[in-house]
Structure formats: structure tokens, C-alpha cells
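In UniProt numbering, the protein residues as written are 1 to 218. Glycine included, C-beta positions come from ideal geometry on N, C-alpha and C.
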Amino acid sequence: FEQAKEIAYELLVPPVVPRSYQRRHGQHILDPEEFFRDQVFLPFLRELNANVDKRLSVFSHSRIQLLTQLRPERITATSCSTAELYKRLKEEFLDRLPQPFQLFGELERWKIECNDLVNKPNYVNLWINDLLNICDLVLFPNIHFVLVFLGTLPVTTSSAERAFSALKRIKTYCRSTMIEDRLNGLAAAFIHKNVEIDAKKILDLFVQKHQRRFDFGL
Numbered sequence: 001f002e003q004a005k006e007i008a009y010e011l012l013v014p015p016v017v018p019r020s021y022q023r024r025h026g027q028h029i030l031d032p033e034e035f036f037r038d039q040v041f042l043p044f045l046r047e048l049n050a051n052v053d054k055r056l057s058v059f060s061h062s063r064i065q066l067l068t069q070l071r072p073e074r075i076t077a078t079s080c081s082t083a084e085l086y087k088r089l090k091e092e093f094l095d096r097l098p099q100p101f102q103l104f105g106e107l108e109r110w111k112i113e114c115n116d117l118v119n120k121p122n123y124v125n126l127w128i129n130d131l132l133n134i135c136d137l138v139l140f141p142n143i144h145f146v147l148v149f150l151g152t153l154p155v156t157t158s159s160a161e162r163a164f165s166a167l168k169r170i171k172t173y174c175r176s177t178m179i180e181d182r183l184n185g186l187a188a189a190f191i192h193k194n195v196e197i198d199a200k201k202i203l204d205l206f207v208q209k210h211q212r213r214f215d216f217g218l
């Protein structure tokens, strides 16, 4: 509350209970600190707690629970059965695995590999990209595929925020009347910066579509 009060003073806003609140609910809360706690701070905490629970509930999904069994600290546990893990992975990813008939042997070798990794004195829990570097694509094609699948299942996504951020830079007030096809093309080119664009091909295509503008040709 003290920090909020300092910010309010900087903005020349007095820390008082709004009159509209007093008229609607009576004058049982006249202390600004009590009003801030009951109407701002506690509702914020409840909303934050609800959002955290909602975002982290994805960890209880059966597919994520299955894929995390391939992590070194999980597959080397005594409660992890290679046969049961093989059965569940085969049921879930049989049509997607590159070499499904090698899956059981890969699991046995991966468990030995992870056991040696976990027993190292300086071992710490690894990120998925670190596991992908350890998991050789030639020796463990199926496990590498499943780890890639796990790495593409984010807890949350900011794709909408990124799209709006890109759109804000493209569709300015100077370009407010562009058609949808051009907007989609500019947005795709802006977002996928790794795609190389041949300017000569674009100019040639422009000249072909607009025959009257031959001065623009190369």
C-alpha cells in the first residue's frame, strides 16, 4: 500500500476511498488502506492464483505425463517400467514414430544412457534442447522424435501477443486501408525473418502483373 501511495502522490492522485463506492456500499470502509486491501490487493491475488492454477494444469495432461517419463531423472527411477513405457508410447505414437519396431531397444539403451548421466556428480536437470543434443538422432530416432514432440508442447503460448506486436508495426495509420491479402503477406514476411526473399523475383512478378509500369523492370 505504501508503494501504491507513493505512485499516487507522483501522479497527484490522493489515496482516498471513491465517493461512488461510498454511495453504493455505505461508509463502512473509510480507511484508504483497508479499501485498497479489500478491493484491489486481495482480488488481484485471487485472480493471480486462479490464472497460475489454470496455466499449470497442463502438466496434469496424460500425454505430457507420458512424455516426461523420458527425462533422465524419471526414466531411471525404480518405479519406471521400460515395458510399460514402451506399451504406452506405442499406443500413443505408433503411426508417427520413424522406427517403431526399434522403440523397445531404444528405451533400454536410453535408460542406460540416462543412468550414466544422472550418476555424474555435477548432474542437474536438463532443458529439452539439452536432452536433444544428448539424444543422438541416429542411435535414438524414436526417442529423439518424442523429445521434439515434448519440446513443442509449451505450457503457455504468446503467439497471439507476437502477432499483435507484428501487426502494430505493419498496419499503421498510414496503411489503414490495405487489403487483407497484402496485410497477411507483410505479416508473414515480418514474422518469418529467416525466410530469404529474392527482390529480383518480386520485381519481375510486379512488372508482369502491371504491364504499364515497364520503367520499373530490370
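Among the residues of its own chain, which have a CB less than 6 Å from the CB of P100, if the five just before and after it don't count? Short of 6 Å from the beta carbon of P100, and not among the five residues preceding or following it, lie these beta carbons of its own chain, in chain order: L94.
Count Cβ pairs between the stretch 120-129 and the stretch 40-48 that sit closer than 8 Å; are there 3 or more? No, the stretch 120-129 does not touch the stretch 40-48.
Endpoints, alpha helix (DSSP H) assigned at T82: For T82, the uninterrupted alpha helix (DSSP H) segment begins and ends at 82-93.
In its own chain, which residues sit with a C-beta less than 8 Å from the C-beta of G217, not counting the 5 before and 5 after it? In this predicted model, G217 has a pLDDT of only 47, less than 50, meaning its place in the structure is not dependable enough to derive any value.
If we ignore side chains and look at the alpha-carbon of each, how far apart do L107 and N122 end up? Using only the alpha carbons, I get a separation of about 24 Å.
Where does T78 sit, in a helix, a strand or coil, going by DSSP? The answer is coil: DSSP assigns T78 none of H, G, I, E or B.
Where the alpha helix (DSSP H) containing H144 begins and where it ends: Note, H144: alpha helix (DSSP H), 141-151.
In three-state DSSP terms, what is L11? Coil, per DSSP.
Please state whether DSSP places P121 in a helix, a strand or coil. If DSSP states are grouped into helix, strand and coil, P121 belongs with coil.
Please report the residue range of the alpha helix (DSSP H) in which F206 lies. Where F206 is concerned, the enclosing alpha helix (DSSP H) stretches over 199-209.
Assumed close pair L150, L85 - CB separation to whole angstroms, cut-off 8 Å: That pair is no contact at about 14 Å.
Report the three-state DSSP secondary structure of residue 223 (helix, strand or coil). Residue 223 is absent from the model: the chain starts at 1 and stops at 218.
With DSSP as the reference, label W127 as helix, strand or coil. DSSP, reduced to helix, strand and coil, places W127 outside both helices and strands of the structure shown, so it counts as coil.
Take K111 and list the residues in its own chain whose beta-carbon comes closer than 7 Å to its own, dropping the five residues that flank it on each side. So the list reads I75, T76, T82, once near-sequence residues are dropped.
Does the Cβ of V40 have 16 or more other Cβ atoms within 10 Å, making it buried, or fewer, making it exposed? Result: exposed.
When you compare each of A50, K90, E113 to E73 by their alpha carbons, which one comes out closest? Answer by Cα proximity: E113.
Apply the 10 Å Cβ neighbour rule to residue 224 and answer buried if 16 or more other Cβ atoms are within range, or exposed otherwise. Residue 224 lies beyond the range of the chain shown here (1 to 218); nothing can be said about it.
From E10, L12, P32, L11, residue whose alpha carbon lies closest to that of F1: Just measuring C-alpha positions, the residue of E10, L12, P32, L11 sitting nearest F1 is P32.
Would you tell me roughly how many angstroms separate the C-alpha atoms of K120 and R71, rounded to the nearest one? A straight line joining the alpha-carbon of K120 with that of R71 spans about 15 Å.
Any idea if V195 is buried or exposed, counting beta-carbon neighbours within 10 angstroms, 16 or more meaning buried? Exposed.
Spatial neighbours of Q102 within its chain, please: CB distance less than 7 Å, with the 5 preceding and 5 following residues excluded, ordered by chain position. Cβ within range, chain order: N142.
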